[in-house]
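Quick notes on the structure that follows.
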Amino acid sequence: MKWWLFPKQVDPEQDKFPDFSVFIIFISVIGICTFFRAITWPANKHVDMEFAVQAIIMPLALLVTLLELFLLVLNGFRHYAETRLLIAATQEYKLQTYARRHLILAGWSALTPLEEPALNMLRLEGEFPLVPKTPLKIPLADEFDYTRNEQFFCRLLEPMVDKLNHPGYRHVEAVVWVKGGDESCIDELRRTLARLDVTVEKISFLSECPDYALINEWLDKAGYLNVVRLLICVDLHGEGDESKSMENATALLLSNGNASMEGEKPVYLYQPMIGMNDVETAMPVYLQMEPVSKPKILWYTGLSKVQKYPLMQALDEQKQASERLCLEDSLGVASRGYRWLALALASDAVKYAQGDQFVAMSEKNQFAITALSSRLTCLPEEPRERYYSLPYNNGGTAGIMCSIFILLVLSETIQTEMSSLGWYLLLMVLLPLVIFIGLGVFVTYFMENKAREHMWGY
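Residues 0 to 457, numbered by numbering that gives the first Met the number 0, are exactly what the sequence shown covers, in order.
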């Protein structure tokens, strides 16, 4: 789904009908007609029902007919505005519902040269690490029985064994990316899982480090499938590589079902906004959708200046995520694994009661942002069409009043019995009904189609 909204629409309820002016016109016209009929009434004739019909009822029927025709046009324009308003509200509702799709981050683990990077960066414990003081390589013991990757897999997954063996997270499918690795990583991971007594149904190897589009893919499947995914990203330096980025490894267990252990709060990972080129335009829309209500911290990595500053400006304008943590400032030059490490660190922040979190990343000028929270954001209320008089209602009323007016005119002007007029009388009564109701239906659907055409451009 595209992250966009219609411009703010004019609320037609702000337009007020001039009731008092119409009342004055009605009284004035009825008064004039009554006065005129009174002075032309035969002197030797008693004032009877005929006087009331000619002086009051006939002018009133004609006035109501004209008023309803005026309202037919007026409500046609209102129907146009209301249709535009409903289309805009429906688009916003769909986008809000989409933005609040989520997976549960059931478990996570991260390896870095720092013992507690989240606590350090949040300044909850220890010193806030800054480059170049931070170590770049994860220390590794000399193990001859296991490959380098197996050692990292084991250290990474050991804290998650209980989660991976939880009955609520059966049928796990693992996805693994190892920098510079190949398909042999699948066998290394399978041996590690067997050693930890963990069973997974399927293991897939990714040749490129995935971005948050992978979360989007799993969210699409979560609508109709049971999704339990284990994502493992191992971002290590090559042999003899003097990289200035920090080695890191991250494991995330994502599910669309909650099977949390006792005393544990779930962490919700919300629908990411991905593939954005224009951050200045996209971010206000994302913030307006409120995937989380009170984001406190922004974690970001890989952002260019043309992405970073519009992002900060949008957050400042909405007074959100006042604390911003750049992974490169602490961990070294940006690396692909940072995007998933940032999710693990933000999840730690949620666990440590640091409020809702934003995580932003960019690669190849494609900006993405997602949100994490310990609270489930409520779905918005579906917009409903407001009650108001449609043009065909006014057309029907105008037709009825016009028919009454014609009947009264015929009764006053034709000297023969009304019953002798037959089909002529029926035609004179039904014709205004058909014409005015047809006009009302035409105006209703014409204005509605015009509103859709102008909104959607077709």
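For each residue, glycine too, the CB sits at the ideal point set by N, CA and C.
Treat the numbers as computed from the prediction; the structure is a model and nothing was measured.
Leaving aside the five residues before and after residue i along the sequence, list all residues of the same chain whose C-beta is less than 7 angstroms from its C-beta, in chain order.
i	result
Leu62	Phe25, Val28
Thr396	Glu67
Asp234	Lys178, Glu246, Asn247, Ala248, Ser334, Arg335, Gly336
Pro158	Ser108
Glu362	Asp210, Gly301
Cys401	Thr64, Pro431, Phe435
Between the C-alpha atoms of residue i and residue j, what's the straight-line distance to the nearest angstrom?
i	j	result
Ser443	Leu389	The sequence given here has Thr at residue 443, not Ser. C-alpha separation (whole angstroms): 7 angstroms.
Met48	Val440	36 angstroms
Gln150	Cys184	12 angstroms
Thr249	Lys307	24 angstroms
Asn392	Pro290	41 angstroms
Thr64	Met272	54 angstroms
Thr111	Pro131	15 angstroms
Arg374	Leu314	21 angstroms
Leu344	Pro382	37 angstroms
Leu84	Leu4	12 angstroms
Asp196	Cys232	21 angstroms
Leu129	Ser329	4 angstroms
Asp18	Met288	39 angstroms
Glu316	Asp210	28 angstroms
Cys32	Thr412	18 angstroms
Glu238	Gln95	47 angstroms
Val174	Ile296	28 angstroms
Thr133	Leu121	15 angstroms
Leu188	Leu342	22 angstroms
Gly394	Ala80	19 angstroms
Trp176	Arg385	52 angstroms
Leu230	Tyr97	23 angstroms
Val21	Ile55	16 angstroms
His170	Arg154	22 angstroms
Asp141	Arg147	9 angstroms
Ala212	His78	40 angstroms
Thr198	Asp181	22 angstroms
Asn215	Pro265	19 angstroms
Ile23	Pro6	39 angstroms
Val226	His101	12 angstroms
Measure from the C-beta of residue i to each C-beta in chain E and report whether the shortest distance is under 8 angstroms.
i	result
Gly331	Protein chains in the displayed structure number just one, and chain E is not present.
Looking only at its own chain, which residues have a Cβ that is under 6 angstroms from the Cβ of residue i, when we skip the five neighbours before and after it?
i	result
Arg228	Glu172, Trp217, Leu253
Met57	Leu407
Ile86	Met454
Thr82	Glu447, Ala450
Pro379	Tyr92, Gln95
Glu279	Pro309
For residue i, count the other beta carbons within 10 Å of its own beta carbon; 16 or more makes it buried, fewer makes it exposed. Which is it?
i	result
Ser292	exposed
Phe357	buried
Cys208	buried
Lys178	buried
Leu139	exposed
Cys377	exposed
Pro458	No information on residue 458 is available, as it lies outside the stretch 0 to 457 that the chain covers here.
His43	Here the sequence assigns Asn to residue 43, which means His is not the residue at that position. When all chains shown are included, Asn43 counts as exposed.
Val46	exposed
Asp355	buried
Met282	buried
Asp347	buried
Ile103	buried
Gly106	buried
Gly437	exposed
Lys1	exposed
So, for residue i: in the same chain, excluding its five sequence neighbours on each side, which residues have a beta-carbon less than 8 angstroms away from its beta-carbon?
i	result
Leu135	Pro112, His236, Ser242, Lys243, Ser244, Met245, Glu246, Gly331
Gly75	Pro390, Val442, Thr443, Phe445, Met446
Tyr351	Ala117, Leu118, Leu121, Leu123
Met311	Arg323
Next on the checklist: Report the start-end ranges of each alpha helix (DSSP H) in the segment 92-149 that is 4 residues or longer and not cut off at the edges.
Outcome noted: 116-120
Next on the checklist: I'd like the ranges of any alpha helix (DSSP H) spanning at least 4 consecutive residues and lying wholly in the segment 21-66.
Outcome noted: 48-51
Checklist entry - Is there contact between the segment 360-378 and the segment 399-411, where contact requires at least three CB pairs shorter than 8 angstroms? => result no
Next on the checklist: Ignoring anything shorter than 4 residues, give me the alpha helix (DSSP H) runs that lie fully in the segment 150-231, in order along the chain.
Outcome noted: 160-163, 183-194, 212-221
Checklist entry - What are the complete alpha helix (DSSP H) segments, minimum 4 residues, inside the segment 282-307? => result none
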